[in-house]
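Student:
In this note's numbering, the protein residues as written are 551 to 679.
#1: Check residue 591 in the structure and name its three-state DSSP category.
#2: Determine the burial state of residue 649: buried for a count of at least 16 other Cβ atoms within 10 Å of its Cβ, exposed for fewer.
#3: Return helix, strand or coil for residue 671, following the three-state DSSP convention.
#4: Please list the terminal residues of the continuous alpha helix (DSSP H) segment that includes residue 677.
#5: Between the alpha carbons of residue 654 and residue 585, how many angstroms are there, rounded?
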């Protein structure tokens, strides 16, 4: 009967999986919720959190720009860099309505209020800690 499945949810053991950044989240899930997450597979995951993770950013940039690696292209990298510059310019410009649009588009916790709270929040958001 299906009722048995609903009554045994507290006995379910979850295993999380992830590679690279999602692997880090997998490990943290286990660390923070050992009562729910029975095990975690964290393949190629960074184990030391870094606010300014330049090596990761450099690797993603390389992937976006090189077709032979993951199907990237110069055009793909240009679009990514252009979009990043556009968002940074909006945040630097200080127009609250535009900042609200950015916060909404990226689903920022506490919206524009969080971004405008202090300069450090803006810097972290655009990757310049």
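Don't be surprised by glycine CBs; every beta carbon is placed ideally from N, CA and C. What you are looking at is a predicted structure, and each value in this text was computed from that prediction instead of being measured.
Tutor: Let's see:
#1: Looking at residue 591 - three-state DSSP - the assignment turns out to be strand.
#2: That one is buried.
#3: In the structure shown, residue 671 adopts helical secondary structure according to DSSP, grouped into three states.
#4: Per DSSP, residue 677 lies in no alpha helix (DSSP H) segment and is marked neither H nor E.
#5: Going by the C-alpha atoms only, they are around 33 Å apart.
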